Every structure is written in C-alpha cells, then in structure tokens.
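In what follows, a structure is listed as structure tokens, so that the remarks can point back to it.
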Amino acid sequence: MNKRPSNTAQKLLKKAVEGQKGRIFISSFLSVLASVIFVFLALISKKIIDIATTDKHQNFTALCITVIAVILIQALFSAAVSHFKAAASGKIAISVKKNLFNAVITKNHSKISEYHSGDLLTRFSSDVDLIANSLSSLVPAVASIIAKIIAGAITILFIDWKFAGALIVLGILVPFVCKLIGARYKPLHKKYQQSESRLRSFLQENFKNLAIIKSFSSLSPTNQKLSLLQKENYNLKITKNTLNIIYSTGLSLFFTLGYFLVLLWGAKGIQANTVTYGALIAFLQIISQLRAPLQSISSISPAYFSMTASAERLAEIYDLEDEILPLHKDVYDAINDVFTSIQANNLSFSYSDTTILEETSFKISRNSITVITGESGVGKSTLFRLLLGYLNGCGSLKFDGKYDINSSTRAFFSYVPQGNMILSGTIRENLTLCCDNAEEEKIKAAVETAALSKFINSLPDGLDTFIGEDGLGISEGQASRIALARALLCDTPILLLDEATAALDSETENELLLNLKKLKDKTIILVTHRTLDEDIYDHHLHLEGKKFITKK
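Start counting the sequence shown at 154; every next residue gets the next number (our numbering).
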C-alpha cells in the first residue's frame, strides 16, 4: 500500500495549514530553543559537579542564578509552545470543517447521499480533529527532536567522539523503523476509523428512531448488533494499541540499556581518571533528554500515518463529482423573464437496475397548479429530485425545451419534501432559512398563506417559539405548514409540494390550497394521494406504467 498521502490529501493538508504557518513556525522555533536549553542545563550541571568535586573556587551564586533563569525561560518557552499549538489546532479544525462542509454541500447529491450521515459526522469530528492536532504538533515535535539530537551530539562530540558516532548511527536507524511501522499502521487506522463510522451511524439511527425500536420491542436484536459493532471496534483498537506498545516498548528497552551502558562507561572512566563526575552527569542528562524525544517517535510516527489516513478519508469526499454551478444572476434573470413552461421529452430514469421513468413526456405551464398522482413508490418524488438536480436522468428536461433543468437551475424552485425537514431552532429561524434578512411583513404574508397564523398567535413566544429536533413539540401538520411558509418566503417562481398537505385535516387543506391558488406568478406542482376539487388545480398528471399521463 502507498504510504504517501494521495494528491488530494496532500493538497488538503497544505491548504489546512494556510494562515497558521506563522503559529506553527513560532511553536517550532520555541521548541528548538527549549531543546537547546535542556542541553545547556546539562553543561551547567557538569560545571557545578566538577566544581564540587575539585578544589576549584568558582562563584556558586552566579551559577545558581543562571540555573534559575534558564529554568524559568525554558518554562516560559514551553507554555508559549502549548499556546501556539492549541491556537493553530483550533484554527485548522475550523478551516478544515468549513471546507469539508462546503464540499459536502456542493458535491453531486446522489454521490454524497451514498455516505451515511453518521459516517460523515465521524469524518467531521474524529478525522478532522486528528488532522488539526497532528498538523499543529508534529512539526514542533520533530523540530524539537532534531534540535536535541544535534545539540546533544555536538556536546557529546566535544566530550567523547565515540558516543557522538553511536548517536548519529542511532539517528539514521530510527527513520527506517518508522517506515516499517507506517506500513502496517496507516491501513489499520483507516479500518479503525471506518469501524468508528459504522458504530456512530448505528447509534445515530437508533437514537433518532427510538419510538420505532420501543414500539416493536426490538431491544434484544438492536443490542446484538450493537455488541457486534462494538466488538469489531474494540478489536481494531486493541490491535492499534498493541502495535504502539510493541514499538514503544522496544525503543524504551533500547534506550534504557543505552543509559546504563553510559553509566557503566562513566563509572569505569572515573575509576581510570579519564572521566570527571561532571562529565558523567552531563552525559546522563543528555542521554535522558535524547531518550525522551527519540522515544516520542513511537507516537509521532503513528500520528503522522494516522493523519495521512484521515486526510485520505476526507479526500474521498473532495474527489466526488461536483454539481454544476448555479446560474449567474444575469442568466437566471434572463430565463426567468421568458420561460413559459417545463417540458420533458423522452425522460427516463433508473435506480440501479430498476426503471422508474421510461421515455415519458409532459408539459407543465407556468403560473399554473399541477397535481401529480400515482401509486406509492412509482416515482412521483423522483420527478422532484430530477427537477432539483439531485438526480440526473436521460432524455430532455428543460424550460421551454431550450434551457436544461439541473442543479444549476435549483434557484428556480422551492421544495417542501415529505417529512418537512424542520430544523431544531425557533420557528422564525426555520422560516428564514433561505433569507435571514426577510422583512416582517413578508414573514407574516407567508404565514397567512400557509394557514399558520392561528397556530403562531396561540403560542406565547409566537415566531420565537423553540422547536426541538425533527419538529419536537409540534404536530406533523404544523411542521408541514412551517415548511410551506419557508418555501413561500424564498419567493421562487416554482413551488414543489411533495405530500405537503397529507398531515392536514380536509378543512385546513382546502384553506391552504385556496390560499395557494390566489398567489400570482407562481407555478405550483403538487404530489398528492388525495382526491382534490378540480377547481383547485389547472392540470393533472398521473404516473402509471413508468409514464406520465395527462388527465387534465
């Protein structure tokens, strides 16, 4: 498996650090200074011990002041490094999440819909946070390691060149060990993140459908599936951890052995009067300082490969097909000024191997109300998805037979789907989703047309009443009318209503439909299973045998 991140992943990582290079550089620079100070402290320790074990008379007060000053400076540098790393990590996470969100919004709807929302959330949270933390900390960590190795090697070189040579050999061997670890760790991390996505998706779906689980008394099978997903996740986590343990334990044993070899060498040197006590203390301190950064490679190497694996998971989203860009306002206005109808000619569409529409043709006139009927599951809602550009069919679907209808023309439509898609927040926030600066008079007019005024006026907080997730706190009929009022407030020329009146009683439905009929310059396409008064609508399309049949 290629251990280098894909081109898209590399671009993603480069873009992520844009604007944060300054913080990362400062953090790295301070890490280098802090590392050099550690070695400097070792040299001061050597001098103090040498003075204490000889008859030399030196100024201990000056040395003590120097030690205190160096320790305070080192502590200050370490605190600053932590601050800059945290700031960079936070900003990187914000940037990556924003870009990823925009990517999800702008990708081909049918392609992005193949990803479970729980999977997408795992990429937004776990993968993005891992990338942000790694980008902000890996460079300073590597800079610190290199600085400690170089400073330590130079110091040891002046004391004993043999140990300096051994240190250089060690530094050359470590990258090869890291490469071997990466060959296994990167694909393992991907599998673990995929397991996290499956587990999160399962939990999210079950939390969202608690009523169904309770109504069918299906706790036992649900628990069984949860146990299987948790077991898979646990096994992968343990495998990752085991690989880390093997790597870190091996390095720990190696450096512990090295530490005691230095101690034995120093003891023998002191015995032979070739090494001073101060030199031995300096050696041990430097080895200890080198031990920590070199051992930290056991975490840095997996962190790097985890970061690249997570970046490749995000790159999967970026590599999806883009939607066609929205029309420029001038083009939109030009089409809106002249189009007189929506025309389909030999329109076909299939889900995998199942044909939904087959070479069907129809015409919907502008500023009319068209009712679409047909049995459940025959493809009525599919037409709306084709009109909105969520799906791409074969044949022709155009304004006046001239202008293609696809994702670029979505601004011509306001959509009230089945399920209504009410978001948690106030009623006002739901209504103004597409126009947050809507005037109060326009909001009031949309509420009245949607037959919602009586309900809003009965609420103590009116439009500022809070609605819970999935419309918690209101009925389905009220939610459907809020969704309709939102669509009206968007003020597009075409209104798509998918079973928007299904949850209403007949009296409220008639009131709402009569209000819609009074609207001017509005093309309304309504999917319904109910029999409506023919005075309400202008045209009737019935879907049967994969074709639309004009009945009025």
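Even glycine gets a Cβ: it sits at the ideal position worked out from N, Cα and C. Keep in mind the model is a prediction, meaning the values are calculated, not measured.
Using a Cβ distance threshold of 8 Å, I177 and P293 count as a contacting pair. Secondary structure in the segment 486–549: the beta strand (DSSP E) runs of 3 residues or longer, each lying completely within the stretch, are 494–504, 507–518 and 522–527 in chain order.
Fully enclosed alpha helix (DSSP H) runs of no fewer than 4 residues occupy 659–670 of the segment 642–674, in order along the chain. DSSP places I177 in the uninterrupted alpha helix (DSSP H) bounded by K174 to A205. At a Cβ-Cβ threshold of 8 Å, T508 and K675 do not count as neighbours. For K344, same chain residues with a beta-carbon under 7 Å away, outside a window of 5 residues either side, are L389 in chain order. Taking C-beta atoms as the reference points, R563 and P455 fail to come closer than 8 Å. If one requires a minimum length of 4 residues, the alpha helix (DSSP H) runs lying completely within the segment 550–632 are 580–584, 593–602 and 606–610, in chain order. For L183, the closest C-alpha among the options L229, A169, N255 and L196 is that of L229. Considering only T535, E687, R683 and K671, the residue with the shortest C-alpha distance to L657 is R683. Approximately 11 Å separates the beta-carbon atoms of F537 and I647; this is outside 8 Å, ruling out the contact.
Annotation for K250: no beta strand (DSSP E) segment contains it, though the alpha helix (DSSP H) segment containing it runs F213 to T259. One alpha carbon belongs to L382, the other to D557, and they sit about 45 Å apart. Contact between L341 and L396 holds: CB atoms are separated by about 7 Å, below the 8 Å threshold. Counting along the chain, the unbroken beta strand (DSSP E) around L694 starts and ends at H692 to E697. The C-beta separation of A187 from V234 comes to about 7 Å, placing the pair in contact by the 8 Å criterion. In this chain, the beta strand (DSSP E) harbouring K700 covers K700 to T703. For I677, there is no enclosing alpha helix (DSSP H); the residue is part of the beta strand (DSSP E) that begins and ends at T676 to V680. Under the three-state reduction of DSSP output, D475 falls in the strand class. Here S180 is buried: its Cβ has 16 or more other Cβ atoms, across all protein chains shown, within 10 Å. For L166, the enclosing alpha helix (DSSP H) starts and ends at N160 to A169. By the neighbour-count criterion, in which a residue is buried when 16 or more other Cβ atoms sit within 10 angstroms of its Cβ, K238 is buried. Remark: three or more beta-carbon pairs, one from each stretch, lie closer than 8 Å, so the segment 249–266 and the segment 529–548 are flagged as touching. Rounded to the nearest angstrom, the gap between the Cα atoms of S289 and G172 is 12 Å.
The beta carbon of Y471 sits closer than 6 Å to the beta carbons of T161 and A256 from its chain, once the five residues preceding and following it are set aside; these are given in chain order.
Taking I197 as the centre and dropping the five residues before and after it, the same chain places the C-beta of L216, T219, V220 and V223 closer than 8 Å to its C-beta, in chain order. By the C-beta density criterion, D280 is buried, having at least 16 other C-beta atoms within 10 angstroms. Per DSSP, reduced to three states, the secondary structure at T461 is helical.
With contacts defined by Cβ atoms closer than 8 Å, F502 and T523 do not form a contacting pair. For the pair Y387 and A462, the Cα-to-Cα distance works out to about 19 Å.
Taking a C-beta distance under 8 Å as the contact criterion, T308 and V185 do not qualify as a contact pair. L605 is positioned such that its CB atom lies no closer than 8 Å to that of G548.
Approximately 25 Å separates the beta-carbon atoms of K339 and F355; this is outside 8 Å, ruling out the contact.
DSSP places T275 inside the alpha helix (DSSP H), whose first and last residues are S270 to T275. The straight-line gap separating the alpha-carbon atoms of N520 and T661 is approximately 23 Å.
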